Every structure is written in structure tokens, then in C-alpha cells.
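Quick note, the sequences are listed as chains P and C, same order. Going by the UniProt record's numbering, the first residue of the first sequence is number 1, and it counts up by one from there. Going by the UniProt record's numbering, the first residue of the second sequence is number 1, and it counts up by one from there. Below is one structure, written out as C-alpha cells; the observations come after it.
Number of protein chains: 2
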Amino acid sequence: MLPFARVAIIGMGLIGSSLARAIRETMPTVRLTVSDGDPAVRARVVALDLADDVTENAGAAVVDAELVVLAVPVGAMAAIAAEIAGELAPGAIVSDVGSVKARVLADLGAALPGVEIVPGHPVAGTEKSGPDAGFASLFQDRWCILTPAVAGPASDRVAAFWTRLGARVELMDAAHHDRVLAVTSHLPHLIAYSIVGTASDLESVTRSEVIKYSAGGFRDFTRIAASDPVMWRDVFLNNKDAVLETLGRFTEDLVALQRAIRWGEGDTLEALFTRTRAIRRSIIDEGQDTEEPDFGRKH
Amino acid sequence: MLPFARVAIIGMGLIGSSLARAIRETMPTVRLTVSDGDPAVRARVVALDLADDVTENAGAAVVDAELVVLAVPVGAMAAIAAEIAGELAPGAIVSDVGSVKARVLADLGAALPGVEIVPGHPVAGTEKSGPDAGFASLFQDRWCILTPAVAGPASDRVAAFWTRLGARVELMDAAHHDRVLAVTSHLPHLIAYSIVGTASDLESVTRSEVIKYSAGGFRDFTRIAASDPVMWRDVFLNNKDAVLETLGRFTEDLVALQRAIRWGEGDTLEALFTRTRAIRRSIIDEGQDTEEPDFGRKH
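Here is the structure:
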């Protein structure tokens, strides 16, 4: 028994197109309609045969869908919701894949009164963008967090849908989601963007030297700082409070480290560096990263 | 013609043991003597058959070596140099693999008057430590920076040695090396250690949540923050000025980003995030990282 027989995806970037591929692979009888505002993206979706129908207009994609998944930047959710509001079939459930949840829950609720809304966030992705970058196994064994206002039959169906796609599902309060992800995702991205910017702006060290000797650690940061600019702009603008709070904590800790270096407090440094090694161990034990050195990069 | 027929390595951690393996593979007739102060490490070196001789005492390892490579934390270089000072063969060249060069050049020069000193830094490594973590191809196509006080026949021979090991060699002024690596390696490590510490210290988000949802970006930082604590303590203590200078720049830029988020300046964010993406591209084009999404992690 399929959780949904007719699904619409709005936005066919990395996540939307991975979702389409995963649906095709795990639930091949689902009738899949997708939409994207960009003609180049639509052409690739057709060429890659990722869906049964491809529409220019979001409203046209959702007319008979039982589940509509918005896979657009968080800042575009309200406009897309307004576009589809008059076209949704009775009983349709609207979900999304955005990295910020309180704002999305509020925006979708305001634009779609009376509609069942089950915001979702698959904690998965890569630094690449666009329909060619997607792949079916992206959500395999990754967490998908659902943040409905109230848990019930609608969130149960969406949970069953993600489980079929290979993900592990967790329900969470939207505001708590935003605090957790501020730490595990938003702050790391902000820091990575910032340090890559800093490194490319120095006078005493040339940019070509930064690139040439990046294997010393810097290149890891550039991967994250290669993520989609608009998606991440919207994350920071729409999870402002949690990001600023977490950033404040980080800056405090960094200043303390700076002081320890200035005063030659080797024990403080070594104690922290030993503690952080244990956290890496936990992440590997939890199956959240590979144990292979250097992420398994080829040598 | 081998650059050196008899080589001694002091310290058989990740780098020392990789060096031993690479010598065995590329220059199998080299007579290789190694030393490590830790009996457990020596036992593993014997079991793995990484060298012709294994000594407890650093002095005993160097007696007939043409090249001595110190592969110990930067803070331990002076003591090891003092230990070998009376044992070096006439004409022996002393090198190292430390991530800080001005301090090492000064320390070795003071401890070994009249000895040819060619400090070196292979810009390669993983987050793992110890003799079991090493592998022969670690230096393949990676840069090795040499920072002799004066270039000449000694640095030519050390350059030829690293070239045989598969590395690309560059000569650089020691102080400039320390400024470049402060940006490309030391600051990234400091930031990673700091953010991993911050994330594990929050009250509103549990440590198990941080680990569970780390795939959103955080897990990348934990890899770097799993690097050897003593090695990195010594890097920060011995490259203090360049690290503090670079850290000051970074903090300035981060505060500017913080302000952009607070005031909702989306264009500022998007412009930076677009610029950083281009830097990632350059690093891949230069062969300094894999193009595969997510570093080629398995999905």
C-alpha cells in the first residue's frame, strides 16, 4: 500500500530531483508531476526522464496530487504556496524540504488555510546544485525531520512516505528543529563561507597560494562553501534568531581559544582537542559519517 | 642514483610511518632506521615491518644516516635535536615534517650548529594518528614545502628525495610558509576544534541531537577536529603571531556577516556565497581536491 499514489514536487534542484529519482526507484507506480520555473531545469528533467509530467506553472502540477512537496529555497515558499492555494485537491497534504521549519510552518499556514501541512527536512545533501546533481540514494539511512503543528494521520502518511524512500523519520517541534539545525548545519555553513571569504581576501598570502596548499585543511571548508548561494542566503535570513544565538556562543568560545594561544596555555588547547576527537568517534559510531580517513578521498 | 642511501626517521606516527612506507615502496634499497619513544609504537613498527632497524633512542637511530627526518610534534623538535646532536654522521642533513617552520628552523639551528638543516613540510595528512594509520601514497601529488635558510646542494638533495616519494616540491621562506599555512591549515583547524567544542556544550540542544543530525554540515568539521591533539597544540603555540593575525581577520569578517544577518542584508550574503563557490572550483581545477560530491562519501 503506497502512502500516496499521486505526488507533485515543486522545484527540481538537488533535493527535488533526488526525491523524484528516489520515488521512481522505491515507488515506481506513483504518478509523479513536477514543476520548475526555470526552462533550462525543465528541459533537463525531461531529458533525464525524472517525472511523468513536467509543468512550468506550480499550480498546474498540484491539481490532482495527494502530496505536494515544495523543494524551493525557504524564502520562496510563501510565494509558491500562494500560487498553488487555489489548485490543491481536497485532502491534499503539503510538505516541503526546507532547512528552516518555524518560518515555513507559519508561511504555509498563512497561505494555505485549512490545508494539512506537514513541514519536512531531510538532513541530506551535497554541495552540488541542480537536477543533474541529484541521485536516488541521497536520503538512504539519513534522518528526515517532520515538524507538523500537530501529529496525526497526515504526518503519519508523510512519515511512511519518507520511510519508503529509505530515510529514518523523527518528529520534532519546529522551533526546536531550528535550534538544533542552527548548530549542526547553519553555523557550520556560515563559518565555512566566512573563512573561505577571509582566505581569499588577504594581502600577505596570495589566492593562488591559498588554493595550492589547501590540502592542509582549508579545502574541507570550501566544499561546504560551494553550496547553493540562494538557498543558504534564505536559511540565514529565516532562522536569524537561532543562528545569531549560536554564533554568539561560537564567537565566545573562539575568543577564549584565541586568548589561550596568546598566553601559551597549552593544556587548555590540548584538553579541547582531545574532547573534540571523542565527538568524531560518536558520529562514526552513530553511522552519520564514514570511518575512512579523509572521508575516503582517493590518495 | 638515490638522493640518500641511509635514512633515519624519528617519530613513527601517521607522517613518519607513511614516510617509511613510501621510502620502502619508491626506494627499496635505502637502509632505513627509525626510532620512537613509545614502546607500543615500536612494537607496531616491528610487526608491520616498516624499517630495517627500530631503536628506542633517537641518537642510536641517526649514527650513520645521511638524512635524518624528525617526524615529531613541533614542540618536541628542540629536545630531539639535542638528543641526536652528538651522534650525527659528518655531512648528515637534518630535516623534519612539522607544520610550523620558522620556529623549527631556529630550534634546529640552535641545537645543531654546523649541521645542514633543511626544514620540510609535506602538506598532506589525515585525521588519524599512529603507525597503523600511515600509508605509502600519502604524499603522492601533494606539495612538500622546504624552508632552508639558504638553498643549495643540501636542499637540492632533500627536494630530490621528496620528488622520488611522489611529492611536488616548493622552496619558501620559513616566515612566509607560516603565514600561508596559518590561512590554509592552522586557522581551519582552530575553527573546527572551536565549533565542535561549542556544539557539544549547549544546553538547549543535546549532544545526542548534535551527533544525530550532523550530516547537515557539522560532521565535516569533526573530521578535522579529530586530528592529533598534541601535534596541533604545538602548532598553535609555535605559530602564534601568524595564527592570531589570521584569526583577527576571520573574526572581523564573521562579525560583518553576523551584522548582515541581523539586518537582513540578503545581497551581501548571496554575493559572498557566490564568490566562495568559485574558490572551490579553483581548488578542484588545481587538483587539490576531488570533484565528487561530498568528497566521494558513499551514499
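Backbone N, C-alpha and C fix where the C-beta goes; we use that ideal spot for every residue, glycine too. Just so it is clear, the structure is predicted and the values come from calculations on it, not from any experiment.
Using a Cβ-Cβ cut-off of 9 Å, lysine 101 (chain C) does not count as an interface residue toward chain P, since no Cβ of chain P sits closer than that to its own. The three-state secondary structure of serine 214 (chain C), taken from DSSP, is helix. Against chain C, the beta carbon of glycine 296 (chain P) has neighbours under 9 Å at Phe295, Gly296, Arg297 and Lys298, listed in chain order.
Distance from the CA atom of lysine 240 (chain P) to the CA atom of arginine 262 (chain C), rounded to whole angstroms, is 7 Å. At a Cβ-Cβ threshold of 9 Å, phenylalanine 4 (chain C) and arginine 157 (chain C) count as neighbours. The CB of arginine 142 (chain C) comes closer than 7 Å to the CB of Ala215 in chain P, given here in chain order. Val210, Ile211, Lys212, Tyr213, Ser214, Ala215, Gly216, Gly217, Phe218, Arg219, Asp220, Phe221, Thr222, Arg223, Ile224, Ala225, Ala226, Pro229, Val230, Trp232, Arg233, Phe236 and Leu237: these are the residues of the region 210–238 of chain C whose beta carbon lies less than 7 Å from some beta carbon of chain P, given in chain order. Shown here, tryptophan 263 (chain C) sits in coil according to DSSP, grouped into three states, outside any helix or strand. Beta-bridge partners of glycine 120 (chain P) (DSSP): P:Leu146. In the DSSP assignment, arginine 179 (chain P) falls within the unbroken alpha helix (DSSP H) covering 174–181.
Interface flag for glutamate 270 (chain P) against chain C is set, since a Cβ pair is found closer than 9 Å. In the three-state reduction of the DSSP assignment, threonine 33 (chain C) falls in the strand class. Using a Cβ distance threshold of 9 Å, arginine 179 (chain P) and serine 204 (chain C) count as a contacting pair.
At least 9 Å separates the CB of serine 17 (chain C) from every CB of chain P. Within 10 angstroms of the beta-carbon of proline 153 (chain P) lie fewer than 16 other beta-carbons, which makes it exposed. By the criterion of at least three beta-carbon pairs nearer than 8 Å, the region 10–20 of chain P is in contact with the region 132–152 of chain P. Shown here, aspartate 234 (chain C) sits in a helix according to DSSP, grouped into three states. Checking the DSSP bridge columns, you'll see leucine 171 (chain C) partnered with C:Leu146.
By the neighbour-count criterion, in which a residue is buried when 16 or more other Cβ atoms sit within 10 angstroms of its Cβ, glutamate 209 (chain P) is buried. Contact annotation for leucine 247 (chain C) against chain P: Leu254, Leu257, Gln258 and Ile261 [CB-CB distance below 9 Å, chain order]. At a cut-off of 9 Å between beta carbons, glutamate 25 (chain P) makes no contact with chain C.
For aspartate 107 (chain C), the uninterrupted alpha helix (DSSP H) run begins and ends at 102–111, by DSSP. Annotation: the continuous beta strand (DSSP E) that includes serine 95 (chain C) extends over 93–96.
The beta carbon of valine 74 (chain C) does not come within 9 Å of any beta carbon belonging to chain P, so the residue lies off that interface.
Per the C-alpha coordinates, the member of P:Phe295, P:Val255, P:Asp234 and P:Ala271 positioned closest to alanine 271 (chain C) is P:Asp234.
The beta carbon of arginine 157 (chain P) sits no closer than 9 Å to any beta carbon of chain C.
Listed along chain C, the residues sitting closer than 9 Å to glutamate 286 (chain P) by beta-carbon distance are Ser208, Ile211, Lys212 and Ser214. Look at threonine 251 (chain C): its C-beta is under 9 Å from a C-beta on chain P.
A buried status is given to threonine 222 (chain C), since no fewer than 16 other beta-carbon atoms sit within 10 Å of its beta-carbon. Remark: three or more beta-carbon pairs, one from each stretch, lie closer than 8 Å, so the region 87–100 of chain C and the region 50–70 of chain C are flagged as touching.
For leucine 187 (chain C), the enclosing alpha helix (DSSP H) begins and ends at 187–199.
For threonine 163 (chain C), the three-state secondary structure derived from DSSP is helix. Looking only at C:His186, C:Leu187, C:Pro188 and C:Tyr213, the smallest Cα-Cα distance to alanine 199 (chain C) is reached by C:Tyr213. For the options P:Ile145, P:Ala71 and P:Gly75, the alpha carbon positioned closest to that of leucine 171 (chain P) is the one of P:Ile145. Annotated three-state conformation of arginine 297 (chain C) is coil, per DSSP. Using a Cβ-Cβ cut-off of 9 Å, threonine 290 (chain P) counts as an interface residue toward chain C, since at least one Cβ of chain C sits closer than that to its own.
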